[in-house]
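Peer 1: If you scroll down you'll find the structure; I have some questions about it.
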Amino acid sequence: MTSVRYVICDLDGVVWNGDSFVVGSVEAITQLQREGASVWFVTNNSNKPPSHYEQRLGDAGVDHASQLLTSAQAAATLIESNERVLICAGPGVEWAVSEAGGVPIANTEDAVCERLDAVIVGLHIEFDYARLDRAARAVRGGARLIGTNSDTTFPTATGEAPGGGAILAAVEAATGQKALLAGKPHAPMAAAVAARIGPEFRPENAVMIGDRYSTDGRFAAELGCRFIAVSSGVAPDVEDVVVWNRVPCLADAVRFVTGER
Ligand SMILES: [Mg+2]
């Protein structure tokens with residue numbers, strides 16, 4: 404078995420669920436790093452800047468928590484510098500567009516008179532009819548439609564809540580346009596991960612650990628690496644995914660990986 408050098412880890416449903424960490428997840432990450440694996444965190448959550456998730460991991464005792472990518476950052480790789488981007492998403496997308504050299508435009512009444520090159524849609528709980536109207540007008544006016552991710556729901560302590568993909572579906576329906584998709588399992592996120600890890604990255608030496616087959620499992624296929632499914636998050640949602648192993652939680656996945664290394 405080819406050795407595992409890189410472990411790419413989903414966050415929601417794997418490292419934590421809502422406000423609580425999955426039991427043993429922090430210790431498992433620490434053990435992987437102690438044994439020399441390079442651990443990367445990849446989340447489709449676009450709502451907050453990466454520093455938010457880095458701080459949460461760091462506060463829990465995880466080292467190298469800045470080895471982290473959000474779907475907002477993947478979406479921002481689809482923006483040219485100085486492009487004007489309507490933000491139909493949370494502060495994480497606004498941050499990522501600025502960081503990538505684009506010009507974020509707030510989705511307010513003033514945005515109607517602006518020239519816009521792109522619209523990025525992601526999860527934002529303030530989404531309403533007026534924001535949908537402005538996003539749709541921008542797309543009909545020629546702006547590229549980009550989605551941070553296509554997840555229609557995400558898990559919460561009280562069950563599944565509507566995700567960014569549900570908001571994106573509304574913009575697609577209102578415009579008749581299909582969005583370019585950035586996050587897992589799509590190519591922009593795979594390219595962003597490979598670029599961040601660097602030229603030494605070899606997918607055959609990597610494993611993706613995630614809970615959602617349609618995003619994490621297919622993302623492993625997009626990257627060309629193996630997939631370990633954990634059942635600490637959402638239930639398996641598609642059947643056409645090759646699974647290297649299926650285990651209860653991250654700590655079990657790490658025991659399996661370290662046994663194989
Ligand atoms: Mg997940």
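Quick note: the sequence shown uses the numbering used here, first residue 404, plus one each step. Where a beta carbon is used, it is the ideal one built from N, C-alpha and C, also for glycine.
Just to confirm my understanding: we take residue 453, look at its own chain, exclude 5 residues before and 5 after, and list those with CB closer than 6 angstroms. What are they?
Peer 2: Answer for residue 453: 471, 473, listed in chain order.
Peer 1: Which partner residues does residue 507 have in the DSSP bridge list?
Peer 2: Residue 507 pairs with 488.
Peer 1: Helix, strand or coil for residue 404, going by three-state DSSP, please let me know.
Peer 2: Only weak support exists for where residue 404 lies, its pLDDT of 40 falling under 50; the value from the coordinates is given anyway. Three-state DSSP puts residue 404 in coil, outside helix and strand.
Peer 1: Using a Cβ-based criterion (distance less than 7 angstroms to any ligand heavy atom), does residue 369 qualify as near ligand 1?
Peer 2: With the chain running from 404 to 664 in the structure shown, residue 369 is simply not present.
Peer 1: Just to confirm my understanding: we take residue 651, look at its own chain, exclude 5 residues before and 5 after, and list those with CB closer than 8 angstroms. What are they?
Peer 2: Closer than 8 angstroms at the Cβ level, and outside the excluded window around residue 651, lie 633, 634, 635.
Peer 1: Report all residues from its chain with a CB closer than 7 angstroms to the CB of residue 564; omit the five preceding and five following residues, and keep chain order.
Peer 2: Cβ within range, chain order: 556, 557.
Peer 1: When you compare only the Cα positions, how much space is there between residue 424 and residue 641?
Peer 2: Going by the C-alpha atoms only, they are around 26 angstroms apart.
Peer 1: With C-beta atoms as the reference, is residue 431 less than 8 angstroms away from residue 449?
Peer 2: In this structure, residue 449 does not lie closer than 8 angstroms to residue 431 by Cβ.
Peer 1: Is the beta carbon of residue 641 within less than 7 angstroms of some heavy atom of ligand 1?
Peer 2: False, no ligand heavy atom lies under 7 angstroms from that Cβ.
Peer 1: Taking residue 631 as the reference, which of 637, 638, 619 has the closest Cα?
Peer 2: Considering only alpha carbons, the answer is 619.
Peer 1: Around the Cβ of residue 657, are there at least 16 other Cβ atoms within 10 angstroms (buried) or fewer (exposed)?
Peer 2: Burial call: buried.
Peer 1: Going straight from the alpha carbon of residue 404 to that of residue 496, what length do you get?
Peer 2: Here residue 404 scores only 40 on pLDDT, less than 50, and its place in the model is too uncertain to base an answer on.
Peer 1: Considering just the uninterrupted stretch of the alpha helix (DSSP H) at residue 465, what are its terminal residues?
Peer 2: Run containing residue 465: none; DSSP gives neither H nor E here.
Peer 1: Which first and last residues belong to the alpha helix (DSSP H) in which residue 532 is found?
Peer 2: Segment 532-543, the alpha helix (DSSP H) holding residue 532.
Peer 1: Can you tell me which of 578, 501, 552 puts its alpha carbon nearest to the alpha carbon of residue 537?
Peer 2: Out of 578, 501, 552, 578 has the C-alpha closest to the C-alpha of residue 537.
Peer 1: Where does residue 557 fall in DSSP's three states?
Peer 2: If DSSP states are grouped into helix, strand and coil, residue 557 belongs with the strands.
Peer 1: Roughly how many angstroms separate the alpha carbons of residue 516 and residue 554, rounded to a whole number?
Peer 2: Those two C-alpha atoms are separated by around 31 angstroms.
Peer 1: Which of the three DSSP states is assigned to residue 618 in this structure?
Peer 2: Residue 618 falls in the helix class under three-state DSSP.
Peer 1: Going by DSSP, what residue range makes up the alpha helix (DSSP H) through residue 442?
Peer 2: It is not in any alpha helix (DSSP H) - residue 442 instead sits in the beta strand (DSSP E) that spans 441-446.
Peer 1: Around the Cβ of residue 511, are there at least 16 other Cβ atoms within 10 angstroms (buried) or fewer (exposed)?
Peer 2: It counts as exposed.
Peer 1: Short check: CB of residue 411 to CB of residue 596, under 8 angstroms?
Peer 2: Yes, Cβ-Cβ distance for residue 411 and residue 596 is below 8 angstroms.
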